[in-house]
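Asks: Chains as they are written, first to last, in numbering that gives the first Met the number 0: chain A, 0 to 215; chain B, 0 to 215. Provided herewith is a single structure, encoded as structure tokens, for subsequent inquiry.
Number of protein chains: 2
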Amino acid sequence: MNPATRPTEIVSSAHDRVYRGLRTRIMLGQIAPGEALTLRGIGKEFEVSMTPAREAVRRLVAEGALSMSSSGRVQTPELSNERIEELAALRSLIEVELASRALPRAHIALIDRLQTINGTIAEVVRDRDAVGYIRSNLEFHRTLYLRAQAPAMLAMAETVWLQLGPTMRALYGRLRRSEAPQFHRLIIAALKAGDEPGLRLAVRSDVTQGLKMLAS
Amino acid sequence: MNPATRPTEIVSSAHDRVYRGLRTRIMLGQIAPGEALTLRGIGKEFEVSMTPAREAVRRLVAEGALSMSSSGRVQTPELSNERIEELAALRSLIEVELASRALPRAHIALIDRLQTINGTIAEVVRDRDAVGYIRSNLEFHRTLYLRAQAPAMLAMAETVWLQLGPTMRALYGRLRRSEAPQFHRLIIAALKAGDEPGLRLAVRSDVTQGLKMLAS
DNA sequence: ATCCGCGCAATGTGATCACAAATCGCGATG
DNA sequence: CATCGCGATTTGTGATCACATTGCGCGGAT
């Protein structure tokens, strides 16, 4: 409460802490679609007043991660099938481009890192850990796309992930467990071979595989 | 100041008025790149307190329309050439897809409307009206893309426009006047012919033509 | 004349308050 | 027992205030 309780430590602003906290939870699918949030509740949880809570929520609404009724009530959005198809198409468009731009810059250390992450994915799949699966899956993609050196594109991709977050959790709950990393292996193989068309196809497949089933 | 000064008229919230006001100005390039803004200044101009001004600014920062220094100072961003290239690539990716989705839904009334807007563009070009040019150009694209029935994609495209706004003005200032609507005519021709590859090419050309010269 | 400090003005941040609207629950009524 | 209505509570909004920090300008020293 008291501003002086925070010493000289490097502390990002309160609204930023709230924003990142909520964002992570949404992106990992830890908030169910349609779940309601209140400013005072958020403030209480993060131990801040309503002001930073409001700013964080407004930002998330602007990014499409939360929806706001006309009366100002805030909740995670429940996506229609058309909207999901659209967002999947956007993922496909942007992420194929990001992968393509990362390809010429991909060196062996990057591929090793991707394979390590893929191993983690196999573990969390075995443990039926849905949130862990989403987290490692995003890390796999982000690690690859960071190589593209295209921050604006990556930001767009992350915004789309964010919008799909609450729905994603519902998807991976009913997803067949074993098939998870197969497209990731194709992506890694294409990276090793320097095969751009193969990479584009593999990324497109990986991005659209689950979402198509979700929309049906 | 007093909330009671606003009668029963349907009035959108204060932060929304501020947001839309600033957004329009930025998108039309009426704010120079690097220009500084202050919350109290914005509040005074829109006759609101700092609170709605802050929320509007935060939202625009989240959308990339404004940038914020570590100390919280707000200004329109000055884009590097790499960033401009990236944003142009994003416009190309998203808008080509939008046009492609609009094509099967394009009927004669839409094409008439586009031709009318194109006529307006010819007028403002003759009058050396840079802001009017940007406005009609955006209206041309938005009119076409609305037909795609893909609100999430359109929102993404508008976000990119927003980020390019301040820089756009600088571009169209030094753009050769006569060449403006040529790609628009190609777009209309492709729509009439139902020629999808031609439409994709025309949109890509229209989107990238000016921005390439800006980045050089 | 130029450069370095110092102090004041300006700015962003977050807490709190007043208010209006919306929502929920409880009780009365059919 | 279901349904409608009304009131209390919850909730978002916007204004204001206190405070820390930043940035700038003025003045003096070299």
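Built from N, CA and C at the ideal position, the CB exists for glycine as well.
Under 8 Å, do Val-130(A) and Gly-28(A) count as touching if we go by C-beta distance?
Replies: In the first sequence, the residue the question calls residue 130(A) occupies position 131. In the first sequence, the residue the question calls residue 28(A) occupies position 29. Yes; because the gap between Cβ atoms is below 8 Å, this pair is in contact.
Asks: In whole angstroms, give me the CA-to-CA distance for Ile-187(B) and Arg-24(B).
Replies: One-based indexing of the second sequence puts residue 187(B) at position 188. One-based indexing of the second sequence puts residue 24(B) at position 25. One C-alpha to the other measures close to 28 Å.
Asks: Judging by CA-CA distance, which residue of Ser-69(B), Val-206(B) and Leu-36(B) is the nearest neighbour of Arg-53(B)?
Replies: On the second sequence, position 54 is the one that residue 53(B) refers to. Of Ser-69(B), Val-206(B) and Leu-36(B), the residue nearest in Cα terms is Leu-36(B).
Asks: State the start and end residues of the unbroken alpha helix (DSSP H) segment that holds Asp-15(B).
Replies: In the second sequence, the residue the question calls residue 15(B) occupies position 16. Per DSSP, Asp-15(B) belongs to the alpha helix (DSSP H) from 13–26.
Asks: What is the DSSP secondary structure of Val-10(A), counted as helix, strand or coil?
Replies: In the first sequence, counting from the first residue as 1, residue 10(A) sits at position 11. Three-state DSSP puts Val-10(A) in coil, outside helix and strand.
Asks: Run the CB neighbour count on Val-10(A), radius 10 Å, all protein chains shown included, and call it buried at 16 or more, exposed below.
Replies: Here residue 10(A) is taken as the residue at index 11 of the first sequence, counted from 1. The residue is exposed, with fewer than 16 neighbouring Cβ atoms inside 10 Å.
Asks: Quick one: what does DSSP say Ala-64(A) is sitting in, helix, strand or coil?
Replies: Against the first sequence, residue 64(A) aligns to sequence position 65. Ala-64(A) falls in the coil class under three-state DSSP.
Asks: Check whether chain A comes within 8 Å of Arg-146(B), counting only Cβ atoms and requiring the distance to be less than that.
Replies: Your numbering for residue 146(B) matches position 147 in the second sequence. No, no contact with chain A.
Asks: Three or more C-beta pairs closer than 8 Å, one from the stretch 190–207 of chain A and one from the stretch 150–164 of chain A: is that the case here?
Replies: Segments in contact, no.
Asks: Mind the definition here: the stretch 130–145 of chain A touches the stretch 66–86 of chain A only if three or more C-beta pairs lie below 8 Å; say whether that holds.
Replies: Touching, no.
Asks: Applying the criterion that 16 or more other CB atoms from any shown protein chain within 10 Å of the CB defines a buried residue, is Ser-12(A) buried or exposed?
Replies: Reading the first sequence from its first residue, position 13 is the one you call residue 12(A). Flag for Ser-12(A) reads exposed.
Asks: If the criterion is Cβ atoms closer than 8 Å, does the pair Leu-38(A) and Val-60(A) meet it?
Replies: Against the first sequence, residue 38(A) aligns to sequence position 39. Against the first sequence, residue 60(A) aligns to sequence position 61. Not closer than 8 Å, so no.
Asks: With distance defined between alpha-carbon atoms, name the residue in Gly-20(A), Arg-127(A) and His-140(A) nearest to Glu-46(A).
Replies: Here residue 46(A) refers to the residue found at position 47 when the first sequence is read from its first residue. Ranking Gly-20(A), Arg-127(A) and His-140(A) by Cα distance to Glu-46(A) puts Gly-20(A) first.
Asks: List, in order along the chain, the chain B residues whose C-beta lies closer than 8 Å to that of Leu-86(A)?
Replies: In the first sequence, the residue the question calls residue 86(A) occupies position 87. In chain order: Ala-151.
Asks: What does DSSP give as the partner residue(s) for Ala-216(B) in the beta ladder?
Replies: The structure shown does not extend to residue 216(B), since chain B is modelled only from 0 to 215, so the question has no answer here.
Asks: Going by C-alpha to C-alpha distance, which of Arg-184(B), Ile-110(B), Ala-105(B) and Ala-156(B) sits closest to Ala-88(B)?
Replies: Stepping through the second sequence from its first residue, residue 88(B) is reached at position 89. It is Ala-156(B) whose Cα lies nearest to the Cα of Ala-88(B).
Asks: Could you tell me the alpha carbon to alpha carbon distance between Arg-104(B) and Arg-141(A), rounded to whole angstroms?
Replies: The sequence position of residue 104(B) within the second sequence is 105, counting from 1. The sequence position of residue 141(A) within the first sequence is 142, counting from 1. Rounded to whole angstroms, Arg-104(B) to Arg-141(A) spans 36 Å at the Cα level.
Asks: With a Cβ-Cβ cutoff of 8 Å, do Ser-91(B) and Arg-203(B) count as a contact?
Replies: One-based indexing of the second sequence puts residue 91(B) at position 92. One-based indexing of the second sequence puts residue 203(B) at position 204. Cβ atoms of Ser-91(B) and Arg-203(B): closer than 8 Å.
Asks: Verify the CB distance criterion: does Met-155(B) have a CB-CB separation below 8 Å to chain A?
Replies: Residue mapping note: residue 155(B) aligns to position 156 of the second sequence, counting from 1. Interface residue, yes.
Asks: Tell me whether Gly-118(B) is buried or exposed, calling it buried when 16 or more other Cβ atoms sit within 10 Å of its Cβ.
Replies: Numbered from 1 along the second sequence, position 119 holds the residue referred to as residue 118(B). Gly-118(B) is exposed by the Cβ-count criterion.
Asks: Which residues in the same chain as Arg-58(A) place their Cβ atom closer than 7 Å to its Cβ, once the five residues preceding and following it in sequence are excluded?
Replies: Here residue 58(A) refers to the residue found at position 59 when the first sequence is read from its first residue. Correct list, in chain order: Tyr-18.
Asks: If we call anything under 8 Å between Cβ atoms a contact, is Leu-161(B) one with Glu-62(B)?
Replies: By 1-based counting over the second sequence, the position of residue 161(B) is 162. By 1-based counting over the second sequence, the position of residue 62(B) is 63. Going by C-beta atoms, Leu-161(B) is nearer than 8 Å to Glu-62(B).
Asks: Would a check of beta-carbon distances place Ala-200(B) closer than 8 Å to chain A?
Replies: Counted from its first residue, the second sequence places residue 200(B) at position 201. One detail in the question is off: residue 200(B) reads as Leu in this sequence, not Ala. Answer no: the Cβ-Cβ gap between Leu-200(B) and chain A never drops below 8 Å.
Asks: Please check if any C-beta of chain A sits within less than 8 Å of the C-beta of Glu-62(B).
Replies: Position 63 of the second sequence holds residue 62(B). True, the Cβ-Cβ gap to chain A drops below 8 Å.
Asks: Whole-angstrom Cβ separation of Glu-195(B) and Leu-102(B), contact assumed at under 8 Å?
Replies: Counted from its first residue, the second sequence places residue 195(B) at position 196. Counted from its first residue, the second sequence places residue 102(B) at position 103. Rounded, the Cβ-Cβ distance is 6 Å, consistent with contact.
Asks: Less than 8 Å between the CB atoms is what I'm expecting for Phe-139(A) and His-183(A), so what's the real figure, rounded?
Replies: Residue mapping note: residue 139(A) aligns to position 140 of the first sequence, counting from 1. Residue mapping note: residue 183(A) aligns to position 184 of the first sequence, counting from 1. Between His-183(A) and Phe-139(A) the Cβ distance is about 6 Å, and since that is below 8 Å, they are a contact.
Asks: So what's Asn-1(B) in DSSP terms, helix, strand or just coil?
Replies: Taking the second sequence and counting its residues from 1, the one referred to as residue 1(B) is at position 2. The predicted model places Asn-1(B) with a pLDDT of 37, which falls under 50 and marks its position as unreliable, so this point remains unresolved.
Asks: Take Ile-120(B) and list the residues in its own chain whose beta-carbon comes closer than 8 Å to its own, dropping the five residues that flank it on each side.
Replies: Counted from its first residue, the second sequence places residue 120(B) at position 121. So the list reads Tyr-132, Ser-135, Asn-136, Phe-139, Ala-179, Pro-180 and His-183, once near-sequence residues are dropped.
Asks: For Ile-110(A), which residues from the same chain have a beta carbon less than 7 Å from its beta carbon, with the 5 sequence-adjacent residues on both sides left out?
Replies: Position 111 of the first sequence, counted from the start, is the residue given in the question as residue 110(A). Contacts found: Ile-187, Leu-190 and Lys-191.
Asks: Considering only residues of the same chain and omitting the five flanking positions on each side of Val-206(B), which have a CB-CB separation below 6 Å?
Replies: For the purposes of this step, residue 206(B) is identified with residue 207 of the second sequence, where counting begins at 1. Taken in chain order, the residues that qualify are Arg-90, Ser-91 and Glu-94.
Asks: At least one CB of chain B closer than 8 Å to the CB of Leu-161(A): is that the case?
Replies: Numbered from 1 along the first sequence, position 162 holds the residue referred to as residue 161(A). Leu-161(A) does not count as touching chain B.
Asks: Alpha helix (DSSP H) containing Gln-148(B): first to last residue?
Replies: Within the second sequence, residue 148(B) is the residue found at index 149, counting from 1. Neither: Gln-148(B) is in no alpha helix (DSSP H) and is coded neither H nor E.
Asks: Give the residues from the stretch 22–49 of chain A that approach chain B closer than 9 Å (Cβ to any Cβ), ordered along the chain.
Replies: Per Cβ criterion, the list is empty.
Asks: Is the Cβ of Ile-120(B) closer than 8 Å to any Cβ of chain A?
Replies: Taking the first residue of the second sequence as position 1, residue 120(B) is located at position 121. Judged by the 8 Å Cβ criterion, Ile-120(B) is not in contact with chain A.
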